[in-house]
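Everything below concerns the one structure shown next.
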Amino acid sequence: MRKAPYSYGWDWGPRMVNAGIWKDVRVEAWDAVRVDGLHIAQQRVDADSAQLQAQLELQAGRSGPVQVTLEVLGPDGQQVGQFTQEAVVDPGQNRIDLPVRIAKPKRWFPAGYGAQDRYTFVASVRDAAGDSQQIKRVTGLRSVELRREKDQWGKSMEIVINGIPIFAKGANLIPLDAFPSRVSAARMRSTLQDARDANMNMLRTWGGGHYQDDHFYEVADELGIMIWQDFMFGGAVPPYDVEFRENTRQEAIEQVKRLRDHPSVVLWCGNNEVQTGWENWGDRVKFKQSLDPEERSRVERGMTTLFGTVFREVVATYDRDVPYWATSPGTNFDGAADQANDGDMHYWKVWGGPALPVTEYLNVTPRFMSEYGLQSFPDMRTVRVFADAADMDPESPVMRAHQKFDKGNGNKRLMLYIRREFGEPKDFESFVYLSQLMQAEGINLAASHLRASRPQSMGSLYWQLNDVWPGASWSSVDYYGRWKALQYHARRFYAPEMIAALRNDKGQTQVSLVSDRTTALNARWRMRVMGMDGKLLSKREQKATIKPLSSLRVGDFSDAQLLGKADPKRSYAVFELLEGDTLLSREVMFFAPAKQLALPAAKIDSQWRADGDGYALTLTSNTLAREVWLSFGDLEVSVADNAFDLLPGEPLTLHVTSKLPMAQVQAALQVRDLAATLAGAPPEPPEAAAAK
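Each residue of the sequence shown is one higher than the last, beginning at 1 in the UniProt record's numbering.
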């Protein structure tokens, strides 16, 4: 019996070895005919028609005639077709195929590219005795392609849905809890909604956990979140014996048959990091070197046979509509794993290994980045669940216990990255805040670079979306569903249209405009260089036409070109993308690490009014306020945006969702920004915020 690898502990979660049956059990009995399954094979789907085959699986206790009726309902619930077929079943397994054609189908698209229309297929089976059974499938109609073509950068890797090359924007999903039996339908929905709300269109269900519940995929179908589905192998080289291989073949068959009618499942992947671990990880390399050549060959053949042949055959047999990828990272076993010019990459030289600076992200452009990340601590409300006031120190036993990277020493790595950009945190709450800013700004840089590099790079899945418990990790949403700064930044750097201003460690800035639209975007981009006192030092504005599904490089600037004689520590640049008078995207860029900047003390005014299911909060600052963070003490209040930059004299209005009285929410508001944090000032007290 296989168990979820993560339950034995990982570098983001505790060792909590589960045991026992945690899903429903039932006994089924029949003596004539039993309906085993219904699969809607999508043989060809385009704008003109959908050529389908309804494959009905039956178990028969004896021979006899049956009548099969298939009713097809459109997305609006209206019948679009009905098909009937007579057949004779034999004892054992039977399959009855019914051809189905739908003219001008309403197709399923990923979020941001169209509607998530789905059709309902209801099959009824009547046997000779007149007994009838029914089975229903709800699925979206779409074509899926994993495009792999040689080009000037190597060999491409991109997901193509309904003929549209999709830049995959998203994150990796780990199990939703250390105890999977605690995961509710509401938890699944909120996790997927968090992804959709941050403009994501793909999640990679990581191979070190367990297969998600049916409801998870139903919600993904509804929200248009594409699923990269790993088989559950997470780093360990599998046994090579035939018995294990056949056992896992059956596991793969069961999961493919269970999930194949979900339009959200667009890629099956054999494993997570088995090949790259075998080739590159110290303990695996040492183990490999300890084997005699014959045994080493058997282990390698076992790995490539299971992931390169067995699982590939399972997918080709049972889900011919969806492509298969042998291992992540990898090249589909066409060569070594983790190559920038072919296949997908897990890039961990930033944070992991040599702990390179975040600007190193700009020096690697993989064809598809399926893992990269930086750690942070969760929201202070979450920290207070597991820690008392005496524990509020990164190196306290409690904090080390909730940090699983590097055997509890991960907070030293976290502090290294914080100090590089921000200097020494003044207190623990500042440490938490700065950890989230470091993570958000670093991943912002990497994701923006990947999107600006389209079509060379066609995927950005950062590590990781969620947590299995409350603690330090690479997540952008903590265990209790509270958004970190990264999740708010993701909503901006994954926006359908964005401006990327990428400054490297040599003081060179590349500016690109990115659009996911399937039509051309006529826009203009604007650049302002400003002093910390709010004075406009220079301005530039140009019109630009961004082609469909593309990135347009519009400028390369040195610090000297942008600043002139201005002091880099007392200046910043604002880059904006506009369509008419609508601001589509903004990026504020600095010319030195935050710890060297002369950030001014900001005075932020707030105004409130009732608005729908909460309140509209308008904030105005007298000067630049960098990375403004709004919190409400222990109140569960959500805000439409956070971790944002306020420009001097430019008000920002955002929605605050709460059922509490306005006066109570106002009184609880605390406003923190980077300048005050680096100066050691506490967040603005509730009294001052409420009085404004």
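All C-beta atoms in this analysis are idealised placements derived from N, C-alpha and C, irrespective of residue type, glycine included.
From this set, the options, which residue's C-alpha is nearest residue i's C-alpha?
i           : options               : result
residue 238 : 387, 122 and 296      : 296
residue 33  : 17, 23 and 61         : 61
residue 668 : 683, 333 and 351      : 683
residue 596 : 211, 610 and 570      : 570
residue 88  : 340, 125 and 53       : 125
residue 609 : 21, 602, 642 and 655  : 655
residue 68  : 121, 159, 314 and 48  : 121
residue 565 : 484, 530 and 544      : 530
residue 408 : 471, 369 and 130      : 471
residue 458 : 672, 562, 158 and 150 : 158
residue 538 : 35, 550, 559 and 523  : 559
residue 475 : 377, 199 and 59       : 377
residue 71  : 81, 92 and 65         : 81
residue 781 : 361, 678, 165 and 554 : Outside the displayed span of the chain (1 to 692) sits residue 781, for which this structure offers no information.
residue 206 : 328, 26 and 403       : 328
residue 311 : 276, 268 and 665      : 268
residue 360 : 447, 455 and 389      : 447
residue 63  : 40, 93 and 79         : 93
residue 302 : 573, 242 and 341      : 242
residue 585 : 491, 508 and 48       : 491
residue 128 : 31, 202 and 43        : 31
residue 233 : 248, 677 and 227      : 248
residue 197 : 640, 366 and 432      : 640
residue 368 : 353, 347, 354 and 351 : 347
Starting from residue i and walking both ways along the alpha helix (DSSP H), at which residues does that stretch end?
i           : result
residue 435 : 428–452
residue 530 : It is not in any alpha helix (DSSP H) - residue 530 instead sits in the beta strand (DSSP E) that spans 521–531.
residue 677 : 674–679
residue 397 : 397–401
residue 380 : 380–386
residue 559 : 559–563
residue 487 : 485–493
residue 313 : 311–318
Would you check if the distance between the CB atom of residue i and the CB atom of residue j is smaller than 9 Å?
i           : j           : result
residue 224 : residue 264 : yes
residue 143 : residue 162 : yes
residue 373 : residue 443 : yes
residue 266 : residue 180 : no
residue 18  : residue 29  : no
residue 548 : residue 512 : no
residue 345 : residue 371 : yes
residue 288 : residue 274 : no
residue 270 : residue 244 : no
residue 567 : residue 482 : no
residue 118 : residue 91  : no
residue 272 : residue 337 : no
residue 445 : residue 358 : yes
residue 624 : residue 661 : no
residue 13  : residue 178 : yes
residue 468 : residue 647 : no
residue 228 : residue 202 : yes
residue 527 : residue 574 : yes
Taking the continuous beta strand (DSSP E) assigned at residue i, which residues delimit it?
i           : result
residue 664 : Segment 662–668 is the alpha helix (DSSP H) holding residue 664; no beta strand (DSSP E) there.
residue 503 : 497–503
residue 119 : 119–127
residue 589 : 582–590
residue 693 : Nothing can be reported for residue 693, as the shown portion of the chain is limited to 1 through 692.
residue 345 : 344–346
residue 147 : 144–147
residue 632 : No beta strand (DSSP E) contains residue 632, which DSSP labels as neither H nor E.
residue 101 : 92–103
residue 84  : 79–89
residue 459 : 459–462
residue 422 : Where residue 422 is concerned, there is no enclosing beta strand (DSSP E), although the alpha helix (DSSP H) it sits in stretches over 410–422.
residue 369 : 368–371
residue 539 : 536–546
So residue i packs on residue j, CB below 8 Å; how close in whole Å?
i           : j           : result
residue 107 : residue 141 : 5 Å
residue 499 : residue 587 : 6 Å
TODO: May I have a chain-ordered list of the beta strand (DSSP E) segments no shorter than 3 residues that lie completely inside the UniProt domain "Glycoside hydrolase family 2 catalytic" (158–302)?
DONE: Listed in chain order, they are 158–161, 164–166, 168–173, 202–205, 226–230 and 265–269.
| message | Extract the residue ranges of the beta strand (DSSP E) inside the UniProt domain "Beta-mannosidase-like galactose-binding" (1–23), only unbroken runs of 3 or more that lie entirely within it. | response | Listed in chain order, they are 8–10 and 13–15.
For a minimum of 3 consecutive residues, which ranges assigned as the beta strand (DSSP E) are wholly contained in the segment 598–627? 604–611 and 614–621, all fully within the segment 598–627.
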